[in-house]
Amino acid sequence: MTYDEISDPFDHIMHFRQLMTLDIGNDTLLCKVFPISLHGQTLSWFHHVLKNFVNNFRDLSEAFVGHYLCSTRPKQNINTLQNIKMQENEFFKDFMNRFEQAVLQVESYHMDTILQIFQQKICLGTPFFESLAKKPPTMMDDLFR
């Protein structure tokens, strides 16, 4: 796992913290191990910042995210899903994949809301619609299985 200067820095910090869960309370260790996840210009940036003002991992995280803020991906809200429509001649599986990818970009949601939006996008009376009506999924994985 290395940061590529174009992906979301928030995601990188979260991923790094997840990898370091055993030592999450050890700021010194987090600061020392963090550069392993960097390369190229990002690693050079780290060495410059470290000399100047990093006292703990929180400072390091804030500096990192602040420096690479332009790379953050905007989170979508639930209304984004309302704009997704099945295209003419689009296979149902392809539509489901597009919808699922859009759901992954939504910051927070309730499963009931996702299901309602999804049901609005598929045709009434189809076997899939009927199966959803009889046994509503409780998790995203159930919906896309």
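First residue of the sequence shown? That's 269 in my numbering, and the numbers climb one at a time after it.
Beta carbons: idealized from backbone N, C-alpha and C, even for Gly.
Every value quoted in this text rests on a predicted model; they were computed, and no experiment measured them.
- In chain order, P303 place their CB closer than 8 angstroms to the CB of L311, counting only its own chain and leaving out the 5 sequence neighbours on each side.
- Among the bridge pairs identified by DSSP, V374 is matched with Q344.
- Boundaries cannot be given for K403, as no alpha helix (DSSP H) includes it and DSSP labels it neither H nor E.
- When secondary structure is reduced to three states using DSSP, M288 falls in the coil class, being assigned neither helix nor strand.
- According to the DSSP assignment, V333 belongs to the alpha helix (DSSP H) that extends over 325-335.
- Closest in C-alpha terms to M379, from the list L349, F359, M354, comes L349.
- For D276, there is no enclosing alpha helix (DSSP H), since its DSSP letter is neither H nor E.
- Take D276, set aside five residues on each side of it, and the residues of its chain with a beta-carbon closer than 8 angstroms to its own are S339, T340, R341, in chain order.
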